[in-house]
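So for the sequence shown, our numbering puts the first residue at 5; every next one is plus one.
Just so it is clear, CB atoms sit at the ideal spot from N, CA and C, and this is done for glycine as well.
For clarity, every value in this text was computed on a predicted model and none was experimentally measured.
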Amino acid sequence: MEPRIRRATLDDLETLRKLWKPIGFDLADLEKRLTEFQVGETEDGKFIGAIGFQLANGQGWIHHEAYADASAAEVVRALFWKRLQVIAANHGVLRLWVRENSPNWAPFQFQVPSVENLAKLPDAWDRSAPGWHTLPLKDESAIEKAEREMALFMATEKRNTEKIIEQAKMFRTILTILGFIMAFILIGGALWLYVSRKTGGVNPMP
5 MEPRIRRATL
15 DDLETLRKLW
25 KPIGFDLADL
35 EKRLTEFQVG
45 ETEDGKFIGA
55 IGFQLANGQG
65 WIHHEAYADA
75 SAAEVVRALF
85 WKRLQVIAAN
95 HGVLRLWVRE
105 NSPNWAPFQF
115 QVPSVENLAK
125 LPDAWDRSAP
135 GWHTLPLKDE
145 SAIEKAEREM
155 ALFMATEKRN
165 TEKIIEQAKM
175 FRTILTILGF
185 IMAFILIGGA
195 LWLYVSRKTG
205 GVNPMP
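Next comes the structure, spelled out in structure tokens:
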């Protein structure tokens, strides 16, 4: 049966410590990031490996890969890869990164990043560290262009809305002024008729 891949739980912590310690991984750091890890196990529940996957700013970092049995690494890594692709798709990840053991990921088309692409690496991941390899999952230039066009469209719509609101305010102001003028005319006319009748300026109907 094919090994099973699942998310790590607190029950896996002791087993992960035993796996990480001989490699020299920072146990205190990784224990706090337990939820980032996927683990592989056999059908009967035997632990065979683990891998971390951290998300930040549309980027995904595959990290701290380790195996209980090195001979199973290639098979389990392929299964981890399938799982990580699903997670990346669900979170809209634009680009994946690996650092340690990067040659192991060469079959998945990871490449040395350009200076421009390396600048996209989140600061928290230490872009000055050696060995970074990357794999774009989406056309970032097309996405950036679409985002710029959307931002321009929203800005244009905002300006149009503000213009319409200003025109509506001006129209209401004009109507208010006209209303006052009509009111003054009517009041003035009424006063004129009243005064004229009192003074005999207007003959009442026979």
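Evaluate residue 55 with the Cβ neighbour count: other Cβ atoms within 10 Å of its Cβ, from every protein chain shown; 16 or more gives buried, anything less gives exposed.
buried
For residue 13 and residue 70, the rounded distance between their alpha carbons
16 angstroms
Bounding residues of the beta strand (DSSP E) (the contiguous stretch that carries residue 66)
63–71
Closest to residue 47 by C-alpha separation, out of 9, 72, 35 and 184, would be which residue?
9
Looking at the unbroken beta strand (DSSP E) that takes in residue 102, where does it start and where does it end?
99–102
Same chain, Cβ closer than 6 angstroms to residue 16, neighbours up to 5 away in sequence not counted:
Within the same chain, residue 16 has close Cβ partners 43.
For residue 141, which residues from the same chain have a beta carbon less than 7 angstroms from its beta carbon, with the 5 sequence-adjacent residues on both sides left out?
92, 97, 98, 99 and 100
Which residues DSSP lists as bridging residue 60, in chain order:
When beta bridges are read from the DSSP output, residue 60 appears opposite 63.
Do the stretch 81–88 and the stretch 123–131 meet, that is, are 3 or more Cβ pairs less than 8 angstroms apart?
no
Tell me which residue opens and which closes the beta strand (DSSP E) that residue 45 is part of.
41–45
Quick check on this structure: which residue in 197, 63 and 58 has the alpha carbon closest to the alpha carbon of residue 138?
63
Taking only the alpha-carbon atoms, compute the straight-line gap between residue 73 and residue 128 and give it to the nearest angstrom.
31 angstroms
Might you give, ordered along the chain, the residues of its own chain that have their beta carbon closer than 7 angstroms to the beta carbon of residue 34, omitting 5 neighbours on each side?
24 and 68
Identify whether residue 29 lies in helix, strand or coil by the three-state DSSP scheme.
coil
Measure the C-alpha to C-alpha separation of residue 133 and residue 6 and round it to an integer number of angstroms.
35 angstroms
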